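K.L.:
Residue numbers (this note's numbering): 1 to 255.
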């Protein structure tokens, strides 16, 4: 299961059925869960925990020191959940003590070729991050979000659950939950209606989110005024998620 040319640090804890390909390097204090497949020429540097059933393809660099100039060698971590696919050439860095000290990736994510995930990023579950996307430090990505290829996400941005960012976009503010954006700089366009339908959202839920989107993005209201108007009506579970993402924005939302 482990190719003879692979180099495994003695302190690494690797489940019995993990496969590790030729010339891969597993560093100190790395944990790899059952059913995970590590391809050839992968480097998992140190202080990284990887869950069950993941697939990591060739030339990925996982758990490397971050590129923050304040980083001074602290023992920060990278934690990856279960059933993620990390394709060729990705780079994923550990956290910094200026944040929680941990970069986190959840479950069932597809991270396509040459994606960069910087220090202290938190990615939820079931996301798709397309090739060549760059996610700067401290960014938070919600469940089911889609980030288009060659997009750049500014540090500290929040990408809301079920949102979608078109390819080659520059994101410098927050994307609220359920919203589609694209462009350089990015602009909002609509609710991610097709994505929601594919995931089983009811027609009524999608319709309510469409009306709520128009309240925030088309009426010309101040954001606090728009939120007050949304809260004055019946607040469904989906609308509550939308409102929470609006209230939680620290950088302002893309409009």
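For every residue, glycine included, the Cβ atom is placed at its ideal position computed from N, Cα and C. None of these values were measured; they are calculated from a predicted model.
Quick check on DSSP: helix, strand or coil for residue 140?
P.N.:
Of the three classes helix, strand and coil, the one that applies to residue 140 here is strand, per DSSP.
K.L.:
Tell me whether residue 1 is buried or exposed, calling it buried when 16 or more other Cβ atoms sit within 10 Å of its Cβ.
P.N.:
Exposed, because fewer than 16 other Cβ atoms sit within 10 Å of the Cβ of residue 1.
K.L.:
Where does residue 238 land, buried or exposed, given buried means 16+ other C-beta within 10 angstroms?
P.N.:
So residue 238 counts as buried.
K.L.:
Please report the residue range of the beta strand (DSSP E) in which residue 62 lies.
P.N.:
Note, residue 62: beta strand (DSSP E), 61-64.
K.L.:
If you count every other CB in all the chains shown that lies within 10 Å of the CB of residue 7, and 16 or more means buried, which is it?
P.N.:
With fewer than 16 other Cβ atoms within 10 Å, it is exposed.
K.L.:
For my contact list, residue 93 and residue 103 are in at a C-beta cut-off of 8 Å; report their separation, rounded to the angstrom.
P.N.:
At roughly 6 Å, the Cβ-Cβ gap stays under 8 Å, so residue 93 and residue 103 are in contact.
K.L.:
According to the neighbour-count rule (16 or more other Cβ atoms, all chains shown, within 10 Å of its Cβ), is residue 233 buried or exposed?
P.N.:
Answer is exposed; the Cβ neighbour count stays below 16.
K.L.:
Would you report the Cα separation of residue 149 and residue 132, rounded to the nearest angstrom?
P.N.:
Distance between the alpha carbons of residue 149 and residue 132 is about 6 Å.
K.L.:
Taking the alpha carbon of residue 130 as the reference point, which residue from 85, 71, 190 has its own alpha carbon closest?
P.N.:
The shortest Cα separation from residue 130 among 85, 71, 190 belongs to 85.
K.L.:
Can you tell me which of the three DSSP states residue 187 falls into?
P.N.:
Three-state result, residue 187: strand.
K.L.:
Considering only the beta carbon of each residue, do residue 183 and residue 163 sit closer than 8 Å?
P.N.:
No, these two residues do not count as a Cβ contact at 8 Å.
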